[in-house]
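Take our numbering: the final residue in the sequence shown is number 467, and no numbers are missing along the way.
Heads up, the thing below is written out as C-alpha cells.
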Amino acid sequence: MEYLILDIARMLRASGISVSTQEISDCIRLLNRIDKTELDKHRFYNTVNATMIKTEWGSQYIQWLVELYLEPDEELTGNRFLELSRQVSETTGEGLGTSGQGLPVDLMIDAVLKKDVTLIYAMVKRMSLDLSLLMEDRQEALHDFKQRSGWLEVQEMVEDSFREGQITALEYDAAQESLSEWIILLKEEIEAQLIKNMSREHLTELMKKNNPNTIKFAEADSSQLAQISREVEKLGRKLAVKKGRRWKPGKKGRIHLNKSIKKAIQTGGILMELIQIEPKPSKPDLWLLCDMSNSVRRFSYFMLMFIYTIQKRFANIRSFIFVDILLEVTDFFKEQEWDKALNSLNTLKGFNLTGYSHYGNVLHQFYDANHTLLNHKTTVLILGDAKNNRNKTDGSEVLAQVKESARALYWLNPMNEDLWYSGDCVMEKYIKDCTAAYHCSNLQQLEQFVEKVF
C-alpha cells in the first residue's frame with residue numbers, strides 16, 4: 014500500500030499537482046486505519062483525493078490514473094464480466110472466454126439501447142485489444158478497435174433499425190450516446206496500450222493533459238472546460254480575500270521597530286507601547302485589454318472570468334476587447350452579472366472588422382483615447398499572443414508611453430515563449446516596454462502570475 018501511494022504521489026507531482034510529504038503521510042496513515050474488508054475502490058479513491066489532491070475532480074482523476082497505469086478496475090470489470098458471461102450462456106448455451114470473442118451482436122445492441130455503459134466497459138476491458146507496436150496512427154488504431162470490438166457492426170445495425178422503424182427516436186438517441194461512450198472507452202484503451210508500449214514520460218504528459226490545473230485553456234474539451242471554470246472561480250474567491258502588501262497600524266501583526274522607538278522617546282526612552290502594523294488592502298485600478306481573435310479567445314474568456322471573480326481587490330476595473338478595433342466593455346459588465354456578460358460577449362459588435370488581429374491599430378486607439386486618464390494607481394494588463402499579421406504599424410512606440418504613465422504594464426501571452434520571436438508574433442518589440450511579460454496558458458501559470466504581481 015505504501016509503495017502504491019508513493020508511486021501515485023510521484024506521478025501527481027510530475028503532472029503538476031503539488032503533494033507534500035505530510036500529505037503523503039496523512040494518506041498512508043488514514044488508509045492503514047481503515048479495515049481492509051471495508052476498503053473498496055471508491056473509499057480508496059476518495060481517501061487519496063481528500064488527503065493529496067483535495068478537489069471535486071480528484072477522485073475521478075485518481076481512478077483514471079490507477080486504471081490506466083496499473084490494471085483495470087477488477088471489481089467493476091470482474092463483476093460485470095460474470096454478468097456478461099451469464100447472459101451469453103443463457104443466450105447461446107456457451108460461456109465467454111477472457112478474450113471476449115463470441116459476443117452476440119444482439120446482446121451488445123441491447124446494452125447500447127439501454128445505455129448500459131458499464132456492461133460495454135466490462136466487454137472492452139476483457140477483449141484483450143492489443144495495440145500493434147507498429148500502429149502509431151491513432152485514427153487507424155481507433156478504427157481497428159471499433160472493428161474488433163463490434164462497434165462498427167452494432168452502429169450499422171442501429172442505423173438500419175432506425176431507418177426501418179424498428180426503434181424509436183428516443184431509443185436511437187440513447188444508442189448514439191452509448192456508441193459515443195463506447196468510443197471514449199476505446200480511446201482510453203488505446204492510451205493504456207500506448208503507455209504499456211512506450212514510457213513513463215508518456216503517462217506524465219497524458220496526466221498533464223487531464224489535470225485541470227495544467228491543461229492548456231485552448232486544448233481543453235467541453236468537460237474539462239467546466240472543471241477549469243469551477244477552478245478559476247475557486248481561485249478567484251481565494252485571492253479575493255487575500256490582503257495586499259501595504260501595511261497600516263493595527264492591534265496585531267508585525268512590530269514596527271522605528272515607530273516603537275520614536276514612541277519610546279516621548280516617554281523618556283522607556284518603551285511603554287509596541288507599535289504593530291498589519292497588511293492594508295491594496296486596491297489599484299486595473300485596465301484589461303483582451304485579444305478576442307480565434308487563436309486566444311478562450312484564454313481571454315478565462316482571464317475575464319478570473320478578474321471579475323476577484324474584482325473586490327481592485328478600486329476600479331475597465332475592460333476592453335479587440336481583434337483589429339478596440340471596444341470598451343466596462344459598462345457591459347456593470348449592467349449585468351459578470352457571468353452572464355461573459356456568456357453573451359459574442360453578441361457584441363464593433364471590435365472585429367477583418368477577422369485578423371491588428372495590435373498596432375489597437376494600441377494607438379487605446380493610447381489616444383486614454384493616455385490622459387492613466388496614473389500611478391493604474392495597472393494595465395494586456396492579454397494576447399502579439400500576432401500582428403504582418404501589419405506595418407505595431408504600436409510599440411506608444412506602449413512605452415503607456416508604461417511610463419501607468420503604475421505597471423503586464424503582458425500575458427498564452428503562446429510558448431520560444432514562439433514569441435518568430436512568424437508574425439512581434440512580442441520582441443513589446444516586451445522591452447512592459448514591466449514584465451509572462452507565458453500564461455493554464456490555471457497553474459495564472460495563479461503563479463497573480464501571486465507574484467497582486
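Beta carbons: idealized from backbone N, C-alpha and C, even for Gly.
What you are looking at is a predicted structure, and each value in this text was computed from that prediction instead of being measured.
The criterion of a C-beta distance shorter than 9 Å is not satisfied by P225 and F312.
Relative to the Cα of D344, the nearest Cα in the group L355, E441, H371 belongs to L355. For D298, the uninterrupted beta strand (DSSP E) segment begins and ends at 298-304.
Shortest Cα-Cα distance from S236 to any of Y314, F333, W70 involves W70. Sequence-distant Cβ neighbours of L412 in its own chain, meaning closer than 7 Å and more than five residues away, are L376, Y443, D446.
Residue F335 holds the alpha-carbon nearest to the alpha-carbon of L396 among V415, F335, I241.
In this structure, F327 places its C-beta atom within 9 Å of the C-beta atom of K296. Taking the Cα positions, F364 is about 17 Å away from D398. By the Cβ-count criterion, Y423 is buried, with 16 or more other Cβ atoms from all chains shown falling within 10 Å of its own Cβ. A residue is called buried once 16 or more other Cβ atoms fall within 10 Å of its Cβ, and L219 is buried on that count.
In this structure, F230 sits away from L199, with a CB-CB distance that is not shorter than 9 Å. Taking K347 as the centre and dropping the five residues before and after it, the same chain places no C-beta closer than 8 Å to its C-beta. Contact between I268 and L287 holds, with the beta-carbon distance rounding to 6 Å and staying under 8 Å. At a Cβ-Cβ threshold of 9 Å, A182 and V125 do not count as neighbours. The beta carbons of N62 and I41 sit about 15 Å from each other, so the pair does not count as a contact at 8 Å.
Per the coordinates, the alpha-carbon of L387 lies some 8 Å from the alpha-carbon of V415.
A direct Cα-to-Cα measurement between R403 and K128 gives close to 52 Å. I278 and L270 have their C-alpha atoms spaced approximately 13 Å apart.
About 7 Å separates the CB atoms of F333 and F379; that is less than 8 Å, so the two are in contact. Look at N404 here: in three-state DSSP terms it is coil, with no helix or strand label.
Assignment of alpha helix (DSSP H) within the region 47-74, counting only whole runs of 4 or more residues, yields 54-61 in chain order.
Cβ atoms of V439 and N401 come within 8 Å of each other, at about 5 Å.
When the five nearest sequence neighbours on each side are left out, the beta carbons in the same chain lying within less than 6 Å of the beta carbon of A421 are those of T392, T448, in order along the chain. Taking a contact as a CB-CB distance under 8 Å, the pair L192 and Q168 counts as one, their CB atoms being some 6 Å apart. Assigned with DSSP and collapsed to three states, S235 falls in helix.
Annotated three-state conformation of I133 is helix, per DSSP. Taking the Cβ atoms as the reference, T406 lies roughly 7 Å from N374, within the contact range of under 8 Å. Within the region 372-460, the complete beta strand (DSSP E) segments of 3 residues or longer fall at 391-396, 421-426, 449-452, listed in chain order.
When secondary structure is reduced to three states using DSSP, L361 falls in the coil class, being assigned neither helix nor strand.
Residue pairing by DSSP places I21 opposite no residue, since no beta bridge is assigned to it.
Apart from the 5 residues on each side of it in sequence, L425 sits with its Cβ closer than 6 Å to the Cβ of L396, Y451, C453 in its chain, given in chain order. At a Cβ-Cβ threshold of 9 Å, V245 and L459 count as neighbours.
For F333, the uninterrupted beta strand (DSSP E) run begins and ends at 329-335, by DSSP. In this structure A135 is buried. Its beta-carbon is surrounded by 16 or more other beta-carbon atoms within 10 angstroms. If you ignore the 5 residues before and after W195, its C-beta comes within less than 6 Å of the C-beta of I133, W164, all in its own chain and listed in chain order.
Going by beta carbons, I323 and R250 fall inside the 9 Å limit.
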